[in-house]
Amino acid sequence: ETVELGGGARAAELRAEARDVAEAVGRVRLVVVVATDDESTAWYVRSITRAAEKVGIDCTTVRLPPDAAPAAIRQELLALSADPTVHGVILQTPLPPGASAADLAGAIAPEKDVDGANPLSLGRLAAGLPAFAPATAEAVVSLLDAHGIALAGRSVAVVGRSTVVGKPLAHLLLDRDATVTVCHSRTADLAAATRTADIVVAAAGRPGLIRGEHLAPGSVVVDVGTNATEDGGLTGDVDAESVAGRAAALSPVPGGVGPVTTALLLRHTALAAQRAAAGGQ
Ligand code: NAD
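And the structure:
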């Protein structure tokens, strides 16, 4: 009786909003910068491109070699930031050895930073100022909202403290009056933290990390993990089998957080274009 927290319906709503805004604005352009041969990155970029096409957003990929120098990547990001025909810029990871995503993302103009990767965006988020949030972190909150799961006053354990997911998610949840515990690879007793939570968000990139014994009966589980399986599929961080029946609700992988993330990137891009058309913010 574990309810499935699918992301399809919320993603469709968000895409419809993006389509309406894009139609009103006219031409909307998103550029994804890639400097890797990684297969799963290529798959992810294709899925963004396809989703963008459907809502009338022009999505192009700028490919740099997997051994590109950080200075060359920065140059590209600065050029796109200065290009008035570009409304959204995403820097895809992984990056070449020696390149820091957080450092390079500082070259993305904040108003085009639709995946909230510029450290300025994260700082503004932490300070309670308007900024684009990293789409994956926002997708977790959006998915919970879509399923009517309340956050105010409830305890949430976030498993993972990365700059792209765990940390920004903690800020978004605090803004919604949740009581947040952030766990990570050095947390001494993970189960002790997750077992007292009303809601557990798994964002560690470790297949099967969260099992039934990690959960209080009746808790809600959001699985952010996207781990490639040997047969070319995708699996989350939650052992769905052992969680079934114990959790009240669980988001599937694929089909949970993922589609909402992609739809939010498009919505952010459409909003960025709308603001640019209105003469900046
Ligand atoms: P990351 O590797 O940067 O961070 C992983 C975090 O998990 C770290 O903070 C680490 O301390 C923690 N961790 C690792 N092992 C742990 C353990 N055994 N116990 C507790 N904590 C542990 O990864 P990321 O970029 O934050 O991504 C996390 C997962 O989310 C990955 O599977 C990634 O593929 C997925 N992801 C999904 C989407 C989406 O749209 N669905 C988007 C981005 C990332």
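The opening residue of the sequence shown carries number 4 in UniProt numbering; numbering runs sequentially from there.
Backbone N, C-alpha and C fix where the C-beta goes; we use that ideal spot for every residue, glycine too.
Contact belief for residue 150 with residue 252 at Cβ below 8 angstroms, rounded distance in angstroms
7 angstroms
Hey, which unbroken runs of the beta strand (DSSP E) at 3 residues or more fall wholly within the stretch 129-196?
158-162, 182-186
Does the beta-carbon of residue 261, which I'm using as the reference point, lie nearer than 7 angstroms to any heavy atom of the ligand NAD?
yes
Quick one, are the C-beta atoms of residue 120 and residue 94 less than 8 angstroms apart?
yes
Could you please give the first and the last residue of the uninterrupted alpha helix (DSSP H) stretch that includes residue 76?
73-85
Spatially closest choice to residue 210 from 201, 17, 244, 98, by CA coordinates:
244
Would you say the beta carbon of residue 109 is closer than 7 angstroms to some non-hydrogen atom of the ligand NAD?
no
How is the alpha helix (DSSP H) around residue 205 delimited, first residue to last?
Here residue 205 belongs to no alpha helix (DSSP H); instead the beta strand (DSSP E) covers 202-205.
What's the C-alpha gap between residue 78 and residue 219?
49 angstroms
Tell me whether residue 162 counts as near the ligand NAD, meaning its Cβ is closer than 7 angstroms to at least one heavy atom of that ligand.
yes
In the DSSP assignment, what are the bridge partners of residue 213?
241
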